[in-house]
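Throughout the sequence shown, residue numbering follows UniProt numbering, covering 1 to 133 in sequence.
Heads up, the beta-carbon is just placed ideally off N, CA and C, and yes, glycines get one too.
See structure below.
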Amino acid sequence: MISIHELKSGDTVITNFGGTEKEGKILQVDHEDKKVLVATDENEYWYDLDSLLPVHLTEATLLKLQFHKDETASSPAGGTLYVRGPFSVRMFEDGHKPLLQLHYRDESRNLNAPITLNELQNHYHGMTNFHLE
1 MISIHELKSG
11 DTVITNFGGT
21 EKEGKILQVD
31 HEDKKVLVAT
41 DENEYWYDLD
51 SLLPVHLTEA
61 TLLKLQFHKD
71 ETASSPAGGT
81 LYVRGPFSVR
91 MFEDGHKPLL
101 QLHYRDESRN
111 LNAPITLNEL
121 QNHYHGMTNF
131 HLE
């Protein structure tokens, strides 16, 4: 289950309605009732938190978001670099500290645990003032 404090308008999540899972975009978060309005391809609906699942951050997810894998970037620390404009995500193998490095201009964030797509979207917004879609 996702914490309501991690969810913001524009974030991408997976909805589960009647056993059917669909990816959708958050339109609104109601902190009082702990419900989230999500738009999928078919409709907009208010979901309880237990009906929402995170999208795991993978190479395929990053490529879908128009990041490209930078084969030319080498780092003594290793890892795989994904770039979208001036923003980059470096992913390391399990057990490496940090596990992820986010970089935008003069700001870097080192993360020691895996994150989900909505968490990346929130970091991206916090670092760039733009929403990642």
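Rounded C-alpha distance that separates residue i from residue j
i          : j          : result
residue 15 : residue 52 : 5 Å
residue 88 : residue 50 : 32 Å
First and last residue of the uninterrupted alpha helix (DSSP H) at residue i
i          : result
residue 12 : It is not in any alpha helix (DSSP H) - residue 12 instead sits in the beta strand (DSSP E) that spans 12-17.
residue 24 : Not the alpha helix (DSSP H): residue 24 falls in the beta strand (DSSP E), residues 20-30.
residue 61 : 59-64
Residues of its chain near residue i, where Cβ-Cβ distance is below 6 Å and the 5 sequence neighbours each way are ignored
i           : result
residue 29  : 7 and 36
residue 85  : none
residue 121 : 11 and 132
residue 47  : 15, 36 and 38
Any C-beta of chain D under 8 Å from that of residue i
i          : result
residue 14 : Looking at the structure shown, chain D is missing, and only one protein chain is on hand.
Delimiting residues of the beta strand (DSSP E) encompassing residue i
i           : result
residue 127 : Here residue 127 belongs to no beta strand (DSSP E); instead the alpha helix (DSSP H) covers 117-128.
Same chain, Cβ closer than 7 Å to residue i, five either side skipped, listed in chain order
i         : result
residue 1 : 49 and 50
Inset, instruction - Take every Cβ of the stretch 94-113, pair it with every Cβ of the stretch 36-45, and state whether three or more of those distances are shorter than 8 Å. - result: no
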